[in-house]
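Here is the structure we will look at, set down as structure tokens.
2 protein chains.
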Amino acid sequence: MIFEFRILLLLCVDSHPHSLYTHALHLRQLNEFWTTPIFKAIMRGVNKKAVAVLLVVLPLIAMLINHWNSYTVTAIDVLQGPDSLKVLLEERTQNMGHKNDHIPYHIKDGMSKTLANNGCVCEGDKPGINFPFAQLLFPKVSATQLHASFQDSNLQNAREYRNKEYLSFRKRTYTAADSLIIAEANSPLQYPTQGVEVRPRRSILIPGLSLNQISKEGPYLVDLIATMGTFNTAALVNGVQVKGEGEMCISFMSTSLASLNKQLEFVTYTNTRFHPNTADVVQFKASIFQASFTIRIRHPPMPKFYNPGPKNGYNISTLVTIATKTFLRYDKLQDLITSIRQFYPTITIVIADDTEEPKPVTGPYIEHYIMPFGKGWFAGRNLAVSQVATKYVLWVDDDFIFTSSTKLEKMVDILDRTTLDLVGGAVREVTGYTATYRHTVSTDAGDEEGDCLHIRTGFHHVIEGFPNCVVADAVINFFMARTEKIRQVGFDPRLARSGHLGFFIDGLGSLHVGSCDDIIISHASKIKAMLPWGQSETDKVYSKFRYASTEETMNEYDLYYLKNHFKCVTSD
Amino acid sequence: MIFEFRILLLLCVDSHPHSLYTHALHLRQLNEFWTTPIFKAIMRGVNKKAVAVLLVVLPLIAMLINHWNSYTVTAIDVLQGPDSLKVLLEERTQNMGHKNDHIPYHIKDGMSKTLANNGCVCEGDKPGINFPFAQLLFPKVSATQLHASFQDSNLQNAREYRNKEYLSFRKRTYTAADSLIIAEANSPLQYPTQGVEVRPRRSILIPGLSLNQISKEGPYLVDLIATMGTFNTAALVNGVQVKGEGEMCISFMSTSLASLNKQLEFVTYTNTRFHPNTADVVQFKASIFQASFTIRIRHPPMPKFYNPGPKNGYNISTLVTIATKTFLRYDKLQDLITSIRQFYPTITIVIADDTEEPKPVTGPYIEHYIMPFGKGWFAGRNLAVSQVATKYVLWVDDDFIFTSSTKLEKMVDILDRTTLDLVGGAVREVTGYTATYRHTVSTDAGDEEGDCLHIRTGFHHVIEGFPNCVVADAVINFFMARTEKIRQVGFDPRLARSGHLGFFIDGLGSLHVGSCDDIIISHASKIKAMLPWGQSETDKVYSKFRYASTEETMNEYDLYYLKNHFKCVTSD
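Structure below.
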């Protein structure tokens, strides 16, 4: 009977996805108990059936009691976003000063366009003479309305869904901390306008509260009102009456201004209404004066560090993993691997492979992942990057060749020493032409139809201390990046083979992107493959897939519209 | 010759990773040009060699000119974080009011602990009587110092690296918008304290600036100073002198307060110092009065929507993908697939497989990914989720069985209608025991050694409108989540097979987590496998790997220390 009972216990224990630690602890406790003399004595002297019944019933009762005690019956509505707080703040802002409406002014030329007050307009440059090198010699900006690529019936559905998604997205993304608050002039209130933050369900001391009412006589009275937490006092000062400790509205009164202000140094705020990332609005009032400020309620950004391991000294293999995607071109892939091993013999290479009949790719520090046939470049990139266990990941195409100019140490150096998240290098063709594909990307707020996306060749500025490097928004597909940041952005598996820029558009605001032209990788020769007689069978099949576009795959412009909420793209 | 020239052009064009659109455009332009009568006439009448030379030289010259024009020589230091601005704000905050230091007060009992002013302490409950069901009946909180698991020599290295990483992380994560700013009382300045935001390299009108100096006589003078952008005016008002338009410091002077304030309604800020996500501090001064406020400089959060496709009506297969990881247990996996197909015949199932000798898993809407042998559960989860192309992803283990209680529509409903990012269900064992594994997770700020992590069974509150659902911080490994959010958090491939909670710790602050106990999946029977004679060969090999821990794999506690910067974990 003890044996079956042990099994029952183990089942209960094991079914909990506890960590190994807890699992081991339970087993150890059980094992110890069976062997104690106390247990053996009990077993000898007592009716075994009774004991067995008790051993089953008592724990159940105890657990039931425990459960009842921990359930609360507070139901909180998580459907509402911060809209109610937003309305509160907007009302106050609108009520401020329309006193100077009678003063005349004249608007400067060109200003309304700069400020794009009425939403962005989808315009490119006027088309000039159309001759072959026009676009290369004198790049003109072209503009594309994105909804135009949809059939009418699909467009209506797409629009409705987009609008719904956008409203839902804003509720999840924006908090009261994003709303406009204006500090009134000549107010006797002193208060914190930013920087007050509390972890969920925790308490903090509110800094900087004070009433500086020099002209008025006492008694002095102040109120504080919140909506997602309660106030209290950390200390008490004589001569101050406090009302509402532990509640959402607290008030302080005293005949001595100095005492009241001392008391105001000890006001605490406790978040009671749980949310992992939001903000509460606190109203601070004294007679006719009122001020609002927000308290952020959130877990602070979670660190996600990598440890290069117990080895001492610098080791690029513990810091960088090389990731690539291959399809059919095993010969080129093998050339790539050989060239890597010449310079980095122990660096891990992760290979995502969606060839129809995959061949094995083996070797030390090589990880080969087989995908369903033809899933595509983006799915492959997302897969490869999902398997990286080092701080940095280097992306290469399977037809690149490492040379003595491909110094990964330089890329590690710039990522270690700056706030960059990603740094691109340069790809050298067999002709000698070297490309960095630097682009800047900017956006303008539009209307409910979407925003405007602007893509230009070029970069923002040179990086001090790194004369060969610049800051941009998009770079060539030879880059090293912080693994955590690149995974946060991700490569969208909905794109099949084209749309290099889609990744960088997804990364806007998340990624700090750089580009150095002195870290060079070679691109395996394409000349043979371009000539009709130069293509091998493999090359022909490869080209057929590489440049095909099927119904199921989206192109990047579709995604800009459906995914990123743009209505227009301009590019040069 | 024309033929070789065409090849050369195509090489140049094709080597740019342009989108397919640009590529096609270039080819089309070239093809049109060769066939025009103009070209043919030119070719007939002119020395072909001269033309060829010109055709090569002219474009090169033009491109060179274009390049020179677009390069600026501004070098910006990206090594510095927002530290200089932080120092500026801290100085101002410290200089405010130490006027009431002489007033006595007495601190309330228990307050210092609540406020954790001195950093968190690593303490659990005092240990009681140690008997087998103690932990189950009366859960006590245990505390674990995390650095204790490291050897002394490794610990020193780990500590140094962690500290370096933490400083670097703070530079990348925090901006001037996080610093404490306190609004002074009785200041004649009116200004915006939050909510002012500009996209990088764009301009905005600054709202709410005003000088309300009622007592003083004119002339009235105000200054605005910024560090990452310049000021200008959108309109001009008579009687106001403006100095510094287009510069980082602008000043306005007028004898009429009303005119000055009208002019202040037209002040613009233009970000000139590029950064994808930062904040500038603006100082607003008038005589002895000064105020500071921040302007956020960033791309707003990028929407990443999914479109359920052109099909009309509700279709769970276009909204949800099922993801799972398998190792050896092909029979259980097949049972899972069969049970899914009973209810959801067309839903896509993504399977990550790290079996040593993988067998094919085929069928409609099944995607089978082969991994290197033994990569582990977390790597498998990260892989499977990286391949999902639908809005939601459902995670299941390969030994789960769908039943009529496994209503995915309910999970979709709660994710559609609330701000939740992830909702867990309940897993029913063959014994009838049903687990939801709800936990709450909280953290306290610590010191340079790290923070404190607190894990407790339980939940925060019930969700209004969904009486079977609650909000928690961690749930069981049967859940549906927004694909974008779950990918942003990610499953760390450094963890091999244990550490279920690690994912939820990584998600703190990012994920809004829920749990519903009315969406139930069954867990395939484990009883046979637990008995020594009941294990098949497969089961034995499976167990050997499942519960093994090797040198290369980390456990979750190591990661809490090295990755998430915690020094202590307490749990019940």
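Protein chains in written order, with our numbering: chain A, 1 to 572; chain B, 573 to 1144. All residues carry an ideal CB built from backbone N, CA and C; glycine is no exception. Keep in mind it's a predicted model, so treat the numbers as computed, not measured.
Local Cβ density within 10 Å of Tyr560/A, reported as buried at 16 or more and exposed below that: buried
Counted within 10 angstroms of its Cβ, other Cβ atoms place Ala24/A as buried (16 or more) or exposed: Low local confidence applies: a pLDDT of 44 at Ala24/A is under 50, so the model's placement there is unreliable, and no value is given.
Ranges of the beta strand (DSSP E) found wholly within the region 868 to 924 of chain B, counting only runs of at least 3: 892 to 898
Cβ of Val237/A within 8 Å of any chain B Cβ: yes
Simplified DSSP assignment, three categories, for Thr827/B: coil
Sub-8 Å separation of Val999/B and Met1052/B beta-carbons: no
Under 7 Å (Cβ pairs) to chain A, residues found in the region 735 to 760 of chain B: Glu737, Tyr738, Phe741, Lys743, Arg744, Thr745, Ala749, Asp750, Ser751, Leu752, Ile753, Ile754, Ala755, Glu756, Ala757, Asn758, Ser759, Pro760
Which residues DSSP lists as bridging Trp377/A, in chain order: Trp377/A is not bridged to any residue.
Cβ shell of Gly811/B (< 6 Å), same chain only, five flanking positions each side left out: Ser826, Ser828, Ser831
Buried or exposed by the 16-neighbour rule on C-beta atoms within 10 Å, applied to Arg438/A: buried
Cβ contact (3+ pairs, closer than 8 Å) linking the region 408 to 423 of chain A and the region 461 to 469 of chain A: yes
Enclosing alpha helix (DSSP H) for Gln1060/B [first to last residue]: 1055 to 1061
Neighbouring residues, chain A, relative to Ile1093/B (Cβ below 7 Å): Correct list: empty, because the minimum Cβ distance to chain A is about 13 Å.
Interface partners of Ile867/B on chain A, CB under 7 Å: Here the premise fails: no neighbours, minimum Cβ distance about 12 Å.
Neighbouring residues, chain B, relative to Ser287/A (Cβ below 8 Å): Within 8 Å Cβ-Cβ: nothing; Ser287/A doesn't reach chain B, min ~13 Å.
Spatial distance of Phe566/A from Gln488/A (CA atoms): 21 Å
Per DSSP, cross-strand counterpart(s) of Lys857/B: Asp795/B, Gln862/B
Separation of Glu556/A from Gly458/A, as counted between CA atoms: 21 Å
Helix, strand or coil at Val196/A [DSSP, three-state]: coil
Touch test, the region 865 to 882 of chain B against the region 894 to 901 of chain B, Cβ-Cβ under 8 Å, three pairs minimum: no
Cβ-based neighbour list, Leu783/B, same chain, cut-off 8 Å, excluding 5 preceding and 5 following: Pro760, Leu761, Gln762, Tyr792, Val794, Leu829, Leu832, Asn833, Leu836, Ala858
Rounded separation between Val713/B and Asp1144/B - CA only: 4 Å
Cβ-based neighbour list, Arg989/B, same chain, cut-off 7 Å, excluding 5 preceding and 5 following: none
Three-state class that DSSP yields for Ile214/A in the structure shown: coil
Amino acids of chain A, ordered along the chain, whose beta-carbon sits closer than 8 Å to that of Asp1078/B: Met302, Lys304
Contact list for Thr570/A against chain B, beta-carbon separation under 7 Å: Result: empty, since nearest Cβ-Cβ is about 13 Å, beyond 7 Å.
Simplified DSSP assignment, three categories, for Ala384/A: helix
Proximal residues of chain A, C-beta to C-beta of Leu1083/B below 8 Å: Pro276
Phe846/B versus Ile633/B - alpha carbon distance: 30 Å
Beta-carbon gap between Phe400/A and Ser522/A smaller than 8 Å: yes
For Glu939/B, three-class secondary structure by DSSP: strand
Closest by C-alpha distance to Gly767/B, when choosing among Glu789/B, Ile754/B, Phe865/B: Phe865/B
Contact with chain B by Ser259/A, beta-carbon distance below 8 Å: yes
Best match in Leu752/B, His1033/B, Thr842/B for proximity to Leu777/B [C-alpha to C-alpha]: Thr842/B
Contact with chain A by Thr975/B, beta-carbon distance below 8 Å: no
Any non-hydrogen atom of the ligand HEM within 7 Å of Arg172/A CB: In the structure shown, the ligand HEM is absent, as is every other ligand, since no ligand is present at all.
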